[in-house]
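Peer 1: Going line by line, the protein sequences match chains E and S.
Residues in the first sequence are numbered consecutively from 1, following full-length UniProt numbering.
Residues in the second sequence are numbered consecutively from 1, following full-length UniProt numbering.
Take a look at this one; I'll ask things after.
Protein chains: 2
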Amino acid sequence: MNEKAFHAMSYGVYIVTSWDNGRPVGCTANCAAQITASPATVMVSVNKDNYTNKCIADCGHFALSILSENSSPEIIGRFGFQSSRDRDKFAETAYAVKNSLPVVSDSCAYICCKVVDTMDSPTHTVFLGEVIGADVTSENTPMTYAYYHKVLKGKTGKNAPTYIKESPDEGKYVCSVCGHVYEGNIPFEDLPDDWRCPICSQPKSAFRKM
Amino acid sequence: MNEKAFHAMSYGVYIVTSWDNGRPVGCTANCAAQITASPATVMVSVNKDNYTNKCIADCGHFALSILSENSSPEIIGRFGFQSSRDRDKFAETAYAVKNSLPVVSDSCAYICCKVVDTMDSPTHTVFLGEVIGADVTSENTPMTYAYYHKVLKGKTGKNAPTYIKESPDEGKYVCSVCGHVYEGNIPFEDLPDDWRCPICSQPKSAFRKM
């Protein structure tokens, strides 16, 4: 099996959100799709290790905030490489409540759902959600996962369905939180002390030399 | 609910194939996604009215041929707007058998699966497939659904999960098979008799004036 074939599948980039006893929670997702138009139903695959998984199951509702090419990549890092278990990701994220669900403001559309079914896999839960509300919030081009990888040089989180282990080149500096490989023109050692990972905002000290 | 929000979700374009008692069958699909990497598992949503749905259920296996930007749009029309019930779509489609499943040659990668679970919606079946084989067959850029719509001016079939009824402008000519709206510079009436729909290859006579 050539795992690179999976890279040929196309996806968007989403923040899937829910509530944890009144506290907004969420994580980055790419494996989401519409299942049927009547009644409008969508699915999203969420890792069982993600705190948001348990919250969706308990709350019975989730929302997808659809990121655009203009959305800050920092949002992807914040929601993709940190856990709502020990961090309030919404403390620094603008959001609005739509159809009683938290929706990230820096997105181009949102879809709010009531869970109507789940499907189990060894590592992920597939939540099937009947749409209770949806709207377009900007005319910006939706971000594809390919754009995130190619243009933003983003990495795939270990909890993503599409994760494949990579071995960066020796001598390169890699973010220990999100896996971003530093490839800038300035030598890594010469970067200012307040420099931060462009994907997940971790400080310089979070980087390890391969 | 603003249904246009669903258009902000990103997809690839796939031909999902299976066997009908030894005869290869298939249909166009866009709602497919990887669910987990261990073990590698993908899902695809197929309309219950599609003959291929019944064949996947009976055969217990399916393959996804991932189309690229270089794939002929005619394949999308052939597999998306006609039925394997009354037409042998593979009579004019080059294919190879991989992991005992038919795979369309004019694609950039394929993923072969054994059905391990299904999820029911009113109109579509979600097939969850454990991957039994996958490979990359060309370096061409995978086709996104947005590319199919924007660049190829393709239409969405009535059986697709993402179908939204459209009303083309009055006076325009619309293909009765695939819904393609003719917008060329030559007046429709002046097109040569052997002109065919660029999406589904139907003859000029299949077009209706709105």
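Glycine included, C-beta positions come from ideal geometry on N, C-alpha and C.
None of these values were measured; they are calculated from a predicted model.
Taking 7 Å as the cut-off, is the C-beta of Ser45 of chain E nearer than that to any heavy atom in the ligand ATP?
Peer 2: As presented, the structure is devoid of all ligands, the ligand ATP included, so that no description of it is given.
Peer 1: Which residue spans inside the UniProt domain "Rubredoxin-like" (170–210) of chain E form an unbroken beta strand (DSSP E) run of at least 3?
Peer 2: 173–175, 207–209
Peer 1: Among residues of its own chain, excluding the 5 on either side of residue 244 of chain E, which ones have a beta-carbon nearer than 6 Å to its beta-carbon?
Peer 2: Outside the modelled stretch of chain E, which goes from 1 to 210, sits residue 244 of chain E, for which no answer is possible.
Peer 1: For Thr28 of chain E and Ile76 of chain E, which I take to be in contact (beta-carbon distance under 8 Å), what is that distance rounded to the nearest angstrom?
Peer 2: In the first sequence, the residue the question calls residue 28 of chain E occupies position 28. In the first sequence, the residue the question calls residue 76 of chain E occupies position 76. With a Cβ gap of about 5 Å, Thr28 of chain E and Ile76 of chain E count as contacting.
Peer 1: Within its chain, find whatever has a CB closer than 7 Å to the CB of residue 214 of chain E; leave out the 5 residues flanking it on each side and keep chain order.
Peer 2: A question about residue 214 of chain E goes unanswered here, because the residues of chain E that appear run from 1 up to 210.
Peer 1: Out of E:Pro161, E:Met210, E:Phe6, which one is the CA nearest neighbour of Asn47 of chain E?
Peer 2: What you label residue 47 of chain E is simply residue 47 of the first sequence in a count that begins at 1. Comparing Cα-Cα distances from Asn47 of chain E to each of E:Pro161, E:Met210, E:Phe6, the minimum goes to E:Pro161.
Peer 1: Is Ala8 of chain S close to chain E, meaning its C-beta is less than 8 Å from at least one C-beta of that chain?
Peer 2: Start at 1 with the first residue of the second sequence, and residue 8 of chain S comes out as number 8. Judged by the 8 Å Cβ criterion, Ala8 of chain S is in contact with chain E.
Peer 1: What is the rounded straight-line gap between the Cα of Asn2 of chain S and the Cα of Ala109 of chain E?
Peer 2: Numbered from 1 along the second sequence, position 2 holds the residue referred to as residue 2 of chain S. Numbered from 1 along the first sequence, position 109 holds the residue referred to as residue 109 of chain E. For Asn2 of chain S and Ala109 of chain E, the distance between alpha carbons rounds to 10 Å.
Peer 1: Compile a chain-ordered list of the residues in the region 48–82 of chain E whose CB is closer than 9 Å to at least one CB of chain S.
Peer 2: Leu64, Ile66, Ser68
Peer 1: Quickly, what does DSSP pair Ile66 of chain E with across the bridge? List them, please.
Peer 2: As a working note, residue 66 of chain E is residue 66 in the first sequence. Its beta-bridge partners are E:Tyr14, E:Ala109.
Peer 1: In chain order, which alpha helix (DSSP H) runs of at least 4 residues are fully inside the region 26–91 of chain E?
Peer 2: 51–59, 73–80
Peer 1: Under 6 Å Cβ to Cβ from Phe90 of chain S, same chain only, skipping five residues before and after it: list those, please.
Peer 2: Against the second sequence, residue 90 of chain S aligns to sequence position 90. Non-local beta-carbon contacts of Phe90 of chain S in its own chain, meaning distances under 6 Å to residues more than five positions away in sequence, involve Pro24 in chain order.
Peer 1: For Lys153 of chain E, name the three-state secondary structure that DSSP assigns.
Peer 2: Reading the first sequence from its first residue, position 153 is the one you call residue 153 of chain E. The answer is coil: DSSP assigns Lys153 of chain E none of H, G, I, E or B.
Peer 1: Terminal residues of the continuous beta strand (DSSP E) containing His124 of chain S?
Peer 2: Taking the second sequence and counting its residues from 1, the one referred to as residue 124 of chain S is at position 124. Note, His124 of chain S: beta strand (DSSP E), 124–136.
Peer 1: Measuring alpha carbon to alpha carbon, tell me which of S:Lys204, S:Ser65, S:Arg208, S:Gln34 ends up nearest Asp169 of chain S.
Peer 2: Mapped onto the second sequence, residue 169 of chain S falls at position 169. Selection S:Lys204, S:Ser65, S:Arg208, S:Gln34 evaluated against Asp169 of chain S yields S:Arg208 as nearest (Cα-Cα).
Peer 1: Is the beta carbon of Val104 of chain E sitting closer than 8 Å to the one on Ala8 of chain S?
Peer 2: Walking along the first sequence from the start, residue 104 of chain E turns up at place 104. Walking along the second sequence from the start, residue 8 of chain S turns up at place 8. No; because the gap between Cβ atoms is not below 8 Å, this pair is not in contact.
Peer 1: When DSSP labels each residue in this structure, what does Ser160 of chain E get in the three-state scheme?
Peer 2: As a first step, residue 160 of chain E is located in the first sequence; it is residue number 160 there, counting from the start. Here residue 160 of chain E is Ala; the residue named in the question, Ser, does not match the sequence. Ala160 of chain E: coil per DSSP, three-state reduction.
Peer 1: Could you give the distance in angstroms between the alpha-carbon of Pro138 of chain S and the alpha-carbon of Glu92 of chain S?
Peer 2: Taking the first residue of the second sequence as 1, we reach residue 138 of chain S at position 138. Taking the first residue of the second sequence as 1, we reach residue 92 of chain S at position 92. According to the sequence provided, residue 138 of chain S is Ser. The question's Pro does not apply to it. Their backbone Cα atoms lie some 21 Å apart in a straight line.
Peer 1: Could you check if Met143 of chain E is buried or exposed, using at least 16 other CB atoms within 10 Å of its CB as the buried criterion?
Peer 2: Within the first sequence, numbered from 1, the residue matching residue 143 of chain E stands at position 143. Met143 of chain E comes out buried.
Peer 1: Mind checking whether Ser201 of chain E and Asn140 of chain E have CB atoms under 8 Å apart?
Peer 2: In the first sequence, residue 201 of chain E corresponds to position 201, counting from 1. In the first sequence, residue 140 of chain E corresponds to position 140, counting from 1. Their beta carbons are not under 8 Å apart, which means Ser201 of chain E does not touch Asn140 of chain E by this criterion.
Peer 1: Please state whether DSSP places Ala8 of chain E in a helix, a strand or coil.
Peer 2: Taking the first sequence and counting its residues from 1, the one referred to as residue 8 of chain E is at position 8. The three-state reading of DSSP puts Ala8 of chain E in helix, counting H, G and I together.
Peer 1: How would you write the range of the beta strand (DSSP E) that Pro102 of chain E sits in, first residue to last?
Peer 2: Residue mapping note: residue 102 of chain E aligns to position 102 of the first sequence, counting from 1. Run containing Pro102 of chain E: 101–104, per the beta strand (DSSP E) assignment.
Peer 1: Could you pull the DSSP bridge partners for Tyr95 of chain S from this structure?
Peer 2: Within the second sequence, the letter at position 95 stands for residue 95 of chain S. Answer by DSSP bridge pairing, in chain order: S:Val104.
Peer 1: Nearest-angstrom Cα distance between Cys178 of chain E and Ala206 of chain S?
Peer 2: Translated into the one-based positions of the first sequence, residue 178 of chain E becomes position 178. Translated into the one-based positions of the second sequence, residue 206 of chain S becomes position 206. Cα to Cα, the separation comes out at about 53 Å.
Peer 1: How would you list, in chain order, the residues of chain E whose beta-carbon sits under 9 Å from the beta-carbon of Asp106 of chain S?
Peer 2: Working through the second sequence from its first residue, we reach residue 106 of chain S at position 106. The contacting residues do not exist; Asp106 of chain S stays about 14 Å from chain E at best.
Peer 1: Are the Cβ atoms of Tyr14 of chain S and Leu64 of chain S separated by less than 8 Å?
Peer 2: Taking the first residue of the second sequence as position 1, residue 14 of chain S is located at position 14. Taking the first residue of the second sequence as position 1, residue 64 of chain S is located at position 64. In contact: Tyr14 of chain S and Leu64 of chain S (Cβ atoms closer than 8 Å).
Peer 1: Hey, Pro122 of chain S and Thr123 of chain E: beta-carbon distance below 8 Å or not?
Peer 2: Here the question's residue 122 of chain S lines up with position 122 in the second sequence. Here the question's residue 123 of chain E lines up with position 123 in the first sequence. The answer is no: Cβ separation not under 8 Å.
Peer 1: Would you grab the beta carbon distance between residue 211 of chain S and Asp86 of chain S for me? Rounded to a whole angstrom, and I think it's under 8 Å.
Peer 2: Only positions 1 to 210 of chain S appear in the structure, and residue 211 of chain S is not among them; the question remains open.
Peer 1: For Ser83 of chain E, which residues of its own chain have a beta-carbon under 7 Å away from its beta-carbon, when the five flanking residues on both sides are left out?
Peer 2: The residue you call residue 83 of chain E lines up with position 83 of the first sequence. Here the set comprises Tyr51.
Peer 1: When you compare the CB of Lys114 of chain S with every CB in chain E, is at least one pair closer than 8 Å?
Peer 2: One-based indexing of the second sequence puts residue 114 of chain S at position 114. Answer no: the Cβ-Cβ gap between Lys114 of chain S and chain E never drops below 8 Å.
Peer 1: Considering only DSSP beta bridges, list what Val115 of chain E is partnered with.
Peer 2: Residue mapping note: residue 115 of chain E aligns to position 115 of the first sequence, counting from 1. Val115 of chain E is bridged to E:Gly129.
Peer 1: Return the Cβ separation of Asp20 of chain E and Cys55 of chain E in integer angstroms, given the expectation that the two are a contact with Cβ distance under 8 Å.
Peer 2: Numbered from its first residue, the first sequence carries residue 20 of chain E at position 20. Numbered from its first residue, the first sequence carries residue 55 of chain E at position 55. Indeed they touch by this definition, with Cβ atoms about 5 Å apart.
Peer 1: Among S:Asn53, S:Ala5, S:Gly26, which residue has its Cα nearest to the Cα of Ile66 of chain S?
Peer 2: Against the second sequence, residue 66 of chain S aligns to sequence position 66. Ranking the options by Cα distance to Ile66 of chain S, first place goes to S:Gly26.
Peer 1: Does the distance from the CB of Met210 of chain S to the CB of Lys153 of chain S come in under 8 Å?
Peer 2: Here the question's residue 210 of chain S lines up with position 210 in the second sequence. Here the question's residue 153 of chain S lines up with position 153 in the second sequence. Contact: no.
Peer 1: In chain order, what residues of the same chain have a beta carbon less than 6 Å from the beta carbon of Cys59 of chain S, not counting five sequence neighbours either side?
Peer 2: Numbered from its first residue, the second sequence carries residue 59 of chain S at position 59. Answer for Cys59 of chain S: Ser18, Trp19, listed in chain order.
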